[in-house]
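Q: This is the structure I want to talk about, given as structure tokens.
There are 2 protein chains.
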Amino acid sequence: MEHKGFTVWFTGLSGAGKSTLANLVEKELRCRNMKVEVLDGDVIRTHLSKGLGFSKEDRDTNIRRIGWVCQVLSRNGVVAVAAAISPYHDIRDEIRANVKDFVEVYVEAPISVLAERDVKGLYKKALAGEIKNFTGVSDPYEAPVNPEVVCHSDRETVEESLSKIMGKLQQLGYVSS
Amino acid sequence: MEHKGFTVWFTGLSGAGKSTLANLVEKELRCRNMKVEVLDGDVIRTHLSKGLGFSKEDRDTNIRRIGWVCQVLSRNGVVAVAAAISPYHDIRDEIRANVKDFVEVYVEAPISVLAERDVKGLYKKALAGEIKNFTGVSDPYEAPVNPEVVCHSDRETVEESLSKIMGKLQQLGYVSS
């Protein structure tokens, strides 16, 4: 039953499908009797980062905290699955260096598609200037240069994306085939 | 190799010996091939609570964050060993309720002894009024009402204290005898 800990880190714009995929990966790994903890950016803010805003500094602090929890879980044999916009390249790479067993999954979709979907109604507000520092609209998103997996949530089914991720985890030796 | 996760929570005044005992418990549990993570209050402040001060509200926030990490680790089969002053009764009990498998260790020593030892030179400063909100001097410490273990660091050796703690963990079924 013992298995190696690692971190699956989902990054991408709001509404791209990070949490959906994170929860599916969790389910898959649990079926294999693995220990998994999902760290959802929004949930983590209530536990670890109440009071932080969305400036670069506050975002970096929030992401570093999630990263630290991933590191602690991973080194104790737990799979940490993080889903957070995490817009900045340097901080993601800092966490990669700390965690070591780090699998970056970029959930990509054009902003036009996301604004069209607008599940949480946030893009409408952001485009109307009602939300400041909204990633992809009024705040930068730095796409990963060399992520382990890229999921195109505008033109793949969630099953296809999940299959890509699980395939990569097998290929990397984190999950037995 | 699989074992149940739980939390050993050290509470007590600054300099009472919480970190020393936490590290010894860690060592003991590692010898038994258990997964252990020490969460030291001072270290956690740099990772999760930079910017927080020592008002009741900020202390509560800091302790809740440590408690949340203990909860996440414990439910994933890891032993979390927290060492933090954690002066307030209600927050410790809140964490106890959340974590469930929670073993509270009160490391007790009279303030006169701690001020005499003054390993970090903090009591001298606090008594001179140079540090505000210093627990036991200018800020309250609410002793646990019914902790699982009480260690008297002024009149027990660390070996005796450690033996008490390990005995209780065995008695509670967390560690095999």
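Going down the list, the protein sequences come from chains A and B. In terms of this note's numbering, the first sequence opens at residue 38 and continues consecutively. In terms of this note's numbering, the second sequence opens at residue 38 and continues consecutively. Even glycine gets a Cβ: it sits at the ideal position worked out from N, Cα and C.
#1: Okay, do the region 98-108 of chain A and the region 145-164 of chain A touch, 3+ Cβ pairs below 8 Å being the bar?
#2: Taking the runs of the alpha helix (DSSP H) that are 4 residues or longer, which of them lie wholly in the region 113-163 of chain B?
#3: Please classify Glu94 of chain A: does DSSP put it in a helix, a strand, or coil?
#4: Within 10 angstroms of the Cβ of Leu76 of chain B, are there 16 or more other Cβ atoms? Answer buried if so, exposed if not.
#5: Cα separation between Val62 of chain A and Ile122 of chain B?
#6: Taking the C-alpha atoms as reference points, what is the distance between Arg129 of chain A and Val195 of chain A?
#7: Figure out for me which residue from B:Tyr143, B:Gly104, B:Gly54, B:Gly210 has the closest Cα to the Cα of Ile132 of chain B.
#8: Give a yes or no on whether 8 Å exceeds the smallest Cβ distance from Leu110 of chain A to chain B.
#9: Buried or exposed: where does Leu50 of chain B fall if 16 or more other Cβ atoms within 10 Å of its Cβ makes it buried?
#10: Closest to Asn70 of chain B by CA distance: which of A:Glu39, A:Ile81, A:Ala53, A:Phe47 is it?
#11: Going by CA-CA distance only, name the one from B:Gly158, B:Val187, B:Ala165, B:Leu164 that's closest to Asp141 of chain B.
#12: Once DSSP output is grouped into helix, strand and coil, what is the label at Glu63 of chain A?
#13: In its own chain, which residues sit with a C-beta less than 6 Å from the C-beta of Ser190 of chain A, not counting the 5 before and 5 after it?
#14: Span of the alpha helix (DSSP H) holding His84 of chain B?
#15: Have a look at Val150 of chain B and Thr98 of chain A and give me their C-alpha separation to the nearest angstrom.
#16: Pick out whichever of B:Ala180, B:Ile81, B:Ala165 has its Cα sitting closest to the Cα of Val174 of chain B.
#17: Which residues in the same chain as Asp95 of chain B place their Cβ atom closer than 7 Å to its Cβ, once the five residues preceding and following it in sequence are excluded?
#18: Check whether the Cβ atoms of Thr44 of chain B and Ala117 of chain B sit closer than 8 Å, and answer yes or no.
#19: Nearest-angstrom Cα distance between Gly158 of chain B and Ser214 of chain A?
#20: How many Å lie between Arg192 of chain A and Lys93 of chain A at the Cα?
#21: So Val187 of chain A is in the beta strand (DSSP E); what residue range does that whole segment cover?
#22: Determine, using beta carbons only, whether Trp105 of chain A comes closer than 8 Å to chain B.
A: In short, the structure shows the following:
#1: Fewer than three beta-carbon pairs drawn from the region 98-108 of chain A and the region 145-164 of chain A are found closer than 8 Å, and the two stretches are therefore not classed as touching.
#2: 126-136, 148-154
#3: Your numbering for residue 94 of chain A matches position 57 in the first sequence. Three-state result, Glu94 of chain A: helix.
#4: Here residue 76 of chain B corresponds to residue number 39 of the second sequence, with the count starting at 1. It counts as buried.
#5: Within the first sequence, numbered from 1, the residue matching residue 62 of chain A stands at position 25. Within the second sequence, numbered from 1, the residue matching residue 122 of chain B stands at position 85. The straight-line gap from Cα to Cα measures roughly 38 Å.
#6: Here residue 129 of chain A refers to the residue found at position 92 of the first sequence. Here residue 195 of chain A refers to the residue found at position 158 of the first sequence. Those two C-alpha atoms are separated by around 24 Å.
#7: Within the second sequence, residue 132 of chain B is the residue found at index 95, counting from 1. Cα-wise, what sits closest to Ile132 of chain B is B:Gly104.
#8: Residue 110 of chain A sits at position 73 when you count from the first residue of the first sequence. So yes, Leu110 of chain A belongs to the interface.
#9: For the purposes of this step, residue 50 of chain B is identified with residue 13 of the second sequence, where counting begins at 1. When all chains shown are included, Leu50 of chain B counts as buried.
#10: For the purposes of this step, residue 70 of chain B is taken as residue 33 along the second sequence, with counting starting at 1. Looking at the Cα atoms, A:Glu39 is the closest of the given residues.
#11: Working through the second sequence from its first residue, we reach residue 141 of chain B at position 104. At residue 141 of chain B the sequence reads Glu, which differs from the Asp that was named. It is B:Val187.
#12: Within the first sequence, residue 63 of chain A is the residue found at index 26, counting from 1. Helix at Glu63 of chain A.
#13: If you number the first sequence from 1, residue 190 of chain A lands on position 153. Same-chain partners within the cutoff: Ala53, Gly54, Val144, Ala146.
#14: As a working note, residue 84 of chain B is residue 47 in the second sequence. Judged by DSSP secondary structure, His84 of chain B falls within the alpha helix (DSSP H) whose first and last residues are 78-85.
#15: Here residue 150 of chain B is taken as the residue at index 113 of the second sequence, counted from 1. Here residue 98 of chain A is taken as the residue at index 61 of the first sequence, counted from 1. Pairing Val150 of chain B with Thr98 of chain A, the inter-Cα distance amounts to about 39 Å.
#16: As a first step, residue 174 of chain B is located in the second sequence; it is residue number 137 there, counting from the start. It is B:Ala165 whose Cα lies nearest to the Cα of Val174 of chain B.
#17: Against the second sequence, residue 95 of chain B aligns to sequence position 58. Leu89, listed in sequence order.
#18: For the purposes of this step, residue 44 of chain B is identified with residue 7 of the second sequence, where counting begins at 1. For the purposes of this step, residue 117 of chain B is identified with residue 80 of the second sequence, where counting begins at 1. Against a cut-off of 8 Å, the Cβ pair of Ala117 of chain B and Thr44 of chain B comes out as a contact.
#19: Within the second sequence, residue 158 of chain B is the residue found at index 121, counting from 1. Within the first sequence, residue 214 of chain A is the residue found at index 177, counting from 1. In a straight line, the C-alpha of Gly158 of chain B is about 57 Å away from that of Ser214 of chain A.
#20: As a first step, residue 192 of chain A is located in the first sequence; it is residue number 155 there, counting from the start. As a first step, residue 93 of chain A is located in the first sequence; it is residue number 56 there, counting from the start. Roughly 31 Å between the two C-alpha positions.
#21: Position 150 of the first sequence, counted from the first residue, corresponds to residue 187 of chain A. That run of the beta strand (DSSP E) goes 186-189.
#22: Here residue 105 of chain A refers to the residue found at position 68 when the first sequence is read from its first residue. Taking Cβ atoms only, chain B reaches closer than 8 Å to Trp105 of chain A, which makes this a yes.
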